[in-house]
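Peer 1: Line by line, the protein sequences give chains V and Y.
Sequential numbering of the first sequence, starting at 51, is according to this note's numbering.
Sequential numbering of the second sequence, starting at 51, is according to this note's numbering.
Just passing along the structure, written as structure tokens.
Number of protein chains: 2
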Amino acid sequence: MPQPAPTLLYAQSGGVTAVINATASAVISEARARKVRALAARNGILGALREELVDTSKESAAAIRALAHTPGGAFGSCRVKLKSLEADRARYERLLEVFQAHNIRWFLYNGGNDSADTALKVSKLATEYGVPLTCIGVPKTVDNDLAVTDCCPGFGSAAKYTAVSVHECALDVAAMAETSTKVFVYEAMGRHAGWLAAAGGLAGNGPDEAPHLILFPERPYDEADFLANVRRVVERVGYCVVVASEGIHGADGKFVADMGTVDSFGHTQLGGVSSFLAGRVKAELGYKVHWTLPDYLQRSARHLASKTDLDQAMAVGKAAVQYALKGMNATMPVIKRTSDSPYRWKIEAAKLDKVANHEKKMPAGFIRKDGYGITAAARKYLEPLIRGEAPPPYGRNGIPNYVELQNKLVRKKLPAFEA
Amino acid sequence: MPQPAPTLLYAQSGGVTAVINATASAVISEARARKVRALAARNGILGALREELVDTSKESAAAIRALAHTPGGAFGSCRVKLKSLEADRARYERLLEVFQAHNIRWFLYNGGNDSADTALKVSKLATEYGVPLTCIGVPKTVDNDLAVTDCCPGFGSAAKYTAVSVHECALDVAAMAETSTKVFVYEAMGRHAGWLAAAGGLAGNGPDEAPHLILFPERPYDEADFLANVRRVVERVGYCVVVASEGIHGADGKFVADMGTVDSFGHTQLGGVSSFLAGRVKAELGYKVHWTLPDYLQRSARHLASKTDLDQAMAVGKAAVQYALKGMNATMPVIKRTSDSPYRWKIEAAKLDKVANHEKKMPAGFIRKDGYGITAAARKYLEPLIRGEAPPPYGRNGIPNYVELQNKLVRKKLPAFEA
Chain V
51 MPQPAPTLLY AQSGGVTAVI NATASAVISE ARARKVRALA ARNGILGALR EELVDTSKES
111 AAAIRALAHT PGGAFGSCRV KLKSLEADRA RYERLLEVFQ AHNIRWFLYN GGNDSADTAL
171 KVSKLATEYG VPLTCIGVPK TVDNDLAVTD CCPGFGSAAK YTAVSVHECA LDVAAMAETS
231 TKVFVYEAMG RHAGWLAAAG GLAGNGPDEA PHLILFPERP YDEADFLANV RRVVERVGYC
291 VVVASEGIHG ADGKFVADMG TVDSFGHTQL GGVSSFLAGR VKAELGYKVH WTLPDYLQRS
351 ARHLASKTDL DQAMAVGKAA VQYALKGMNA TMPVIKRTSD SPYRWKIEAA KLDKVANHEK
411 KMPAGFIRKD GYGITAAARK YLEPLIRGEA PPPYGRNGIP NYVELQNKLV RKKLPAFEA
Chain Y
51 MPQPAPTLLY AQSGGVTAVI NATASAVISE ARARKVRALA ARNGILGALR EELVDTSKES
111 AAAIRALAHT PGGAFGSCRV KLKSLEADRA RYERLLEVFQ AHNIRWFLYN GGNDSADTAL
171 KVSKLATEYG VPLTCIGVPK TVDNDLAVTD CCPGFGSAAK YTAVSVHECA LDVAAMAETS
231 TKVFVYEAMG RHAGWLAAAG GLAGNGPDEA PHLILFPERP YDEADFLANV RRVVERVGYC
291 VVVASEGIHG ADGKFVADMG TVDSFGHTQL GGVSSFLAGR VKAELGYKVH WTLPDYLQRS
351 ARHLASKTDL DQAMAVGKAA VQYALKGMNA TMPVIKRTSD SPYRWKIEAA KLDKVANHEK
411 KMPAGFIRKD GYGITAAARK YLEPLIRGEA PPPYGRNGIP NYVELQNKLV RKKLPAFEA
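Structure, rendered in structure tokens:
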């Protein structure tokens, strides 16, 4: 059997976003433009281990274009973290085996901290074994917690969803407050950093505009103080809209709503902060309360994507292919902000070891002194990221025309492997 | 003091929707076109009782136009139900007193069943007292449970939000299912009728497309059967998306997630069905589960309004003014469907006593035989209602440009009244 042409492998990792497929679309389009064969791993690194490789050449140009307006992860993603090279040697070696069998010369791994770490380790092992391979990390996460890059593709759209949804709910509560709901709690994603909760702050400005209180994981949750503030806001404004990060915890470090389960990355699974807070407000203050837990809605709402975010998601995809073909091993295309006003940005290369396993915290100067709101500095940073609209085309049925790929796998060449 | 010109009073009642302000916009525009003075009650019937009447002539034409793309209730709504004419005589008489003091000849009450009932009672009392007053009910409710009308303004947009959100979440879960979330539960509003849960069914078609299971309040919740179905879907498709109505209950009639509180209309306050179901799936089947409770998001998401719904919301507003000026007392403009394909509708007048306190159930033929999905008849009815997009204009800040009215009150002429 003839050796296939030098091949690029793209894989998606971790929680998906409204625009990770836009990155995929840009990767495949750029590879096509450069006449490079592109495969995509089914379900992230798992597909690479199992030799389940999607032949993207079977997809039409229209389908690849439509990927850019389709949320979710078109090739499947996964929550699997490879351990150290020593502890997980068999799996790393299997990856190199699969890559060699399919002449994969460029590996693009689209994910967060953990994925950058995996890409880095694969690259080290390839060097050690003398396998010609260029590994590129491609940034993605709604949590905005990647180091080096000014922001992460996926965050801007989730942030826009959050700001718009908080604003819309607030108008609802304002209309009902006289005789009904007086307190509304919106729960935002963010395990350790309050980036999405902070984005909720863009819904309004000034002390009387919603959200009136934001609870950040960066500040310990002080129930008595929180409840006193809710009461003060209701007495002054007539109602109170609260945005709470899923990751808030008490002074003892215990998550306010710990569901007690752990995912395969070792992250505690959270959820239920909003119902907990609503219960406390109702019990202690007696106000009628409503709450929302948008959960996956906030990271899959492609219908409300930020144009800035979409542009950046596509730019990192395109740059990733360019870096790969230039042999810029163990790098990641990141977003560098060159101006706040007007907002300007460009893509540049960062070394993967500066990104892997670091976590970008929200600057202390982004949280208001009283701990319940965002500062002007936060607004200056956040606002450009939610700017611009990029709605998908809708069908006659009133639903966006999201594409489903064929995802035809190339023929396996190796024995099966228990991934 | 000279008597004011004959005046129209508009009031909003009950839970607000993405398009109730579009109805308000149409009412005020039509009144202006016909040179009729229009006031709006602050916080619904409460404002009428308290003589808190907004002078809509103080609002610019641009503000009234912008109302049509602004969610919430611009004048404030309320959850206050007047009792019978006998039991609540003092309040009904106060209404007539306020109406006479401000020369209110036309009263437009924009709400659901309860509001139609109030408008009808006010109209009866006015007749009894010989007060010249024309009372018009204007339909509004995301629950779609008003009798006579083919559908209710507000429902189509909430239905579109539901269908699009379920579809987007499903793409997320499909991408994650191999190693992470296998079951997702979406909770839809609807106390007694599964209209919004049914709308979730528009997200897909065929047994393998999400949502795979819909739980309707019209069918008793059978836990063993539900869990067996979840397992079958996961084994066949790889994941399972469930849409559950907040109002589902067991064979004994007990709500699955009864929060135990009651609003001023006497309706039980619900919420938490999705977390309950998620907990059962996790405990009994061991699958990783996520869930969402969109709550007010589904009825305030003007950014995702249905164009059909918006057009109907404005049409009933315009017709309400026309009916009022023609003296068509105790009527409601309703939507009559004249054709399914192509979808055509028109506005016609219904007698308020045919609407008041009736509740439109979902036809039995809309629920699939196995109880977990919608039929072709349901699709034929629902699909036109979510058709078309009508996005609001967005600002440079990435948020829709929703308008806030000045809501200047006219001077009171009567002694205060404890409403």
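From the three backbone atoms N, C-alpha and C, an ideal C-beta is built for every residue, glycine too.
Assign residue 310/Y to one of two classes, buried (16 or more other C-beta atoms within 10 Å of its C-beta) or exposed (fewer than that).
Peer 2: What you label residue 310/Y is simply residue 260 of the second sequence in a count that begins at 1. With a pLDDT of 38 at residue 310/Y, under the threshold of 50, the modelled position of this residue cannot be trusted; read the value that follows with caution. Counting Cβ neighbours within 10 Å, residue 310/Y comes out exposed, since fewer than 16 surround it.
Peer 1: The beta strand (DSSP E) spanning residue 95/V covers which residue range?
Peer 2: Here residue 95/V corresponds to residue number 45 of the first sequence, with the count starting at 1. No beta strand (DSSP E) contains residue 95/V, which is instead part of the alpha helix (DSSP H) from 95-100.
Peer 1: Is the beta carbon of residue 289/V closer than 8 angstroms to that of residue 232/V?
Peer 2: Residue numbering aside, residue 232/V sits at position 182 when the first sequence is read from its first letter. Residue numbering aside, residue 289/V sits at position 239 when the first sequence is read from its first letter. Against a cut-off of 8 angstroms, the Cβ pair of residue 289/V and residue 232/V comes out as a contact.
Peer 1: Got a sec: which bits of the stretch 207-235 of chain V sit with their beta carbon under 9 angstroms from any beta carbon on chain Y, in order along the chain?
Peer 2: Cβ contacts with chain Y: 209, 210, 213, 214, 215, 217, 218, 219, 220, 221, 222, 223, 224, 225, 226, 227, 228, 229, 230, 231 and 234.
Peer 1: Could you spell out where the beta strand (DSSP E) holding residue 493/Y opens and where it closes?
Peer 2: Residue 493/Y lies beyond the residue range present for chain Y, which begins at 51 and ends at 469; the question has no answer from this structure.
Peer 1: Count the other C-beta atoms from every protein chain shown that fall within 10 angstroms of the C-beta of residue 111/V, then say buried if there are 16 or more, exposed otherwise.
Peer 2: Taking the first sequence and counting its residues from 1, one reaches residue 111/V at position 61. When all chains shown are included, residue 111/V counts as exposed.
Peer 1: Against chain Y, does residue 387/V count as a neighbour if the rule is that its beta carbon must be under 8 angstroms from one of theirs?
Peer 2: Along the first sequence, one-based indexing puts residue 387/V at 337. No, because no Cβ of chain Y sits closer than 8 angstroms to the Cβ of residue 387/V.
Peer 1: So, is residue 53/V buried or exposed, given that buried needs 16 or more other C-beta atoms within 10 angstroms?
Peer 2: The residue labelled residue 53/V in the question sits at position 3 within the first sequence. Exposed: under 16 other Cβ atoms inside 10 Å.
Peer 1: Residues of the stretch 442-469 of chain V in Cβ contact with chain Y at a cutoff of 8 angstroms, in chain order, please.
Peer 2: Listed by position, the residues of the stretch 442-469 of chain V near chain Y (Cβ gap below 8 angstroms) are 444, 446, 447, 448, 449, 450 and 452.
Peer 1: Using 8 angstroms as the limit for Cβ to Cβ distance, is residue 439/V near chain Y?
Peer 2: As a working note, residue 439/V is residue 389 in the first sequence. Taking Cβ atoms only, chain Y reaches closer than 8 angstroms to residue 439/V, which makes this a yes.
Peer 1: Once DSSP output is grouped into helix, strand and coil, what is the label at residue 152/Y?
Peer 2: Your numbering for residue 152/Y matches position 102 in the second sequence. It is coil, neither helix nor strand.
Peer 1: I want to verify the contact list: residues of chain V whose CB lies under 8 angstroms from the CB of residue 436/Y, in sequence order.
Peer 2: Translated into the one-based positions of the second sequence, residue 436/Y becomes position 386. The answer, in chain order, is 447, 448 and 449.
Peer 1: Examine chain V for any beta-carbon lying closer than 8 angstroms to the beta-carbon of residue 258/Y, and answer yes or no.
Peer 2: For the purposes of this step, residue 258/Y is taken as residue 208 along the second sequence, with counting starting at 1. Chain V contact via Cβ: absent.
Peer 1: Nearest to residue 78/Y by CA position, among 439/Y, 195/Y, 106/Y and 376/Y, is which residue?
Peer 2: Stepping through the second sequence from its first residue, residue 78/Y is reached at position 28. Out of 439/Y, 195/Y, 106/Y and 376/Y, 106/Y has the C-alpha closest to the C-alpha of residue 78/Y.
Peer 1: How many Å lie between residue 128/V and residue 443/Y at the Cα?
Peer 2: Along the first sequence, read from residue 1 onward, the residue named residue 128/V stands at position 78. Along the second sequence, read from residue 1 onward, the residue named residue 443/Y stands at position 393. Approximately 37 angstroms between the Cα atoms of the pair.
Peer 1: Residue 173/V lies in the alpha helix (DSSP H); which residues open and close that run?
Peer 2: Residue 173/V sits at position 123 when you count from the first residue of the first sequence. Per DSSP, residue 173/V belongs to the alpha helix (DSSP H) from 163-179.
Peer 1: Which value, in whole angstroms, describes the spacing of the CA atoms of residue 478/Y and residue 362/Y?
Peer 2: The structure shown does not extend to residue 478/Y, since chain Y is modelled only from 51 to 469, so the question has no answer here.
Peer 1: Under 8 angstroms Cβ to Cβ from residue 328/V, same chain only, skipping five residues before and after it: list those, please.
Peer 2: To locate residue 328/V, count along the first sequence from 1; it is residue 278. So the list reads 233, 235, 339, 340 and 341, once near-sequence residues are dropped.
Peer 1: Does the Cβ of residue 179/Y have 16 or more other Cβ atoms within 10 Å, making it buried, or fewer, making it exposed?
Peer 2: Here residue 179/Y refers to the residue found at position 129 when the second sequence is read from its first residue. Exposed is the call here.
Peer 1: In chain order, what residues of the same chain lie with their CB nearer than 7 angstroms to the CB of residue 432/Y, ignoring the 5 residues before and after it?
Peer 2: As a first step, residue 432/Y must be located in the second sequence, where it is residue number 382. The answer, listed in chain order, is 209, 248, 249 and 252.
Peer 1: Is there a Cβ of chain V sitting closer than 8 angstroms to that of residue 126/Y, yes or no?
Peer 2: Reading the second sequence from its first residue, position 76 is the one you call residue 126/Y. It does: the Cβ of residue 126/Y has a partner Cβ on chain V nearer than 8 angstroms.
Peer 1: Can you tell me which of 170/V, 274/V and 94/V puts its alpha carbon nearest to the alpha carbon of residue 64/V?
Peer 2: As a first step, residue 64/V is located in the first sequence; it is residue number 14 there, counting from the start. Cα-wise, what sits closest to residue 64/V is 94/V.
Peer 1: For the stretch 347-359 of chain V and the stretch 65-76 of chain V, state whether three or more C-beta atom pairs, one from each stretch, are separated by less than 8 angstroms.
Peer 2: Yes, the stretch 347-359 of chain V is in contact with the stretch 65-76 of chain V.
Peer 1: At the level of alpha carbons, what is the spacing between residue 384/V and residue 161/V?
Peer 2: Position 334 of the first sequence, counted from the start, is the residue given in the question as residue 384/V. Position 111 of the first sequence, counted from the start, is the residue given in the question as residue 161/V. Approximately 12 angstroms between the Cα atoms of the pair.
Peer 1: List the residues of chain Y whose Cβ lies closer than 7 angstroms to the Cβ of residue 345/V, in chain order.
Peer 2: On the first sequence, position 295 is the one that residue 345/V refers to. Here the neighbours are 340, 341 and 342.
Peer 1: Provide the residue span of the alpha helix (DSSP H) that contains residue 127/Y, from first to last.
Peer 2: For the purposes of this step, residue 127/Y is taken as residue 77 along the second sequence, with counting starting at 1. Looking at the DSSP string, residue 127/Y is not in any alpha helix (DSSP H), and its letter there is neither H nor E.
Peer 1: Going by C-alpha distance, which of 137/V, 400/V, 138/V and 176/V is nearest residue 156/V?
Peer 2: To locate residue 156/V, count along the first sequence from 1; it is residue 106. Of 137/V, 400/V, 138/V and 176/V, the residue nearest in Cα terms is 176/V.
Peer 1: Compute the distance between the beta-carbons of residue 158/Y and residue 181/Y, then report whether it is under 8 angstroms.
Peer 2: By one-based count along the second sequence, residue 158/Y stands at place 108. By one-based count along the second sequence, residue 181/Y stands at place 131. No, the pair does not count as a contact, with Cβ atoms beyond the cut-off.
Peer 1: Going straight from the alpha carbon of residue 62/V to that of residue 287/Y, what length do you get?
Peer 2: Reading the first sequence from its first residue, position 12 is the one you call residue 62/V. Reading the second sequence from its first residue, position 237 is the one you call residue 287/Y. Near 21 angstroms, if we compare the C-alpha coordinates of residue 287/Y and residue 62/V.
Peer 1: Per DSSP, which one or two residues make a beta bridge with residue 294/Y?
Peer 2: To locate residue 294/Y, count along the second sequence from 1; it is residue 244. Beta-bridge pairing links residue 294/Y to 237/Y and 265/Y.
Peer 1: Tell me the rounded alpha-carbon separation between residue 295/V and residue 83/Y.
Peer 2: Mapped onto the first sequence, residue 295/V falls at position 245. Mapped onto the second sequence, residue 83/Y falls at position 33. Cα to Cα, the separation comes out at about 48 angstroms.
Peer 1: Would residue 410/Y and residue 197/Y qualify as a contact pair, given that the criterion is a beta-carbon distance under 8 angstroms?
Peer 2: Here residue 410/Y is taken as the residue at index 360 of the second sequence, counted from 1. Here residue 197/Y is taken as the residue at index 147 of the second sequence, counted from 1. Taking 8 angstroms as the Cβ cut-off, residue 410/Y and residue 197/Y qualify as a contacting pair.
Peer 1: Which residues in the same chain have their Cβ closer than 6 angstroms to the Cβ of residue 263/Y, if we skip the five residues on either side of it in sequence?
Peer 2: Along the second sequence, read from residue 1 onward, the residue named residue 263/Y stands at position 213. Within the same chain, residue 263/Y has close Cβ partners 279, 292 and 422.
Peer 1: Grab the span of the alpha helix (DSSP H) containing residue 358/V for me, first residue to last.
Peer 2: Residue mapping note: residue 358/V aligns to position 308 of the first sequence, counting from 1. 357-375 is the span of the alpha helix (DSSP H), which, as asked, contains residue 358/V.
Peer 1: Tell me where the beta strand (DSSP E) around residue 382/V begins and ends.
Peer 2: On the first sequence, position 332 is the one that residue 382/V refers to. 381-389 is the span of the beta strand (DSSP E), which, as asked, contains residue 382/V.
Peer 1: State whether the stretch 209-226 of chain V contacts the stretch 401-415 of chain V, with contact taken as three or more CB pairs (one from each stretch) at a distance under 8 angstroms.
Peer 2: The stretch 209-226 of chain V vs the stretch 401-415 of chain V: no contact.
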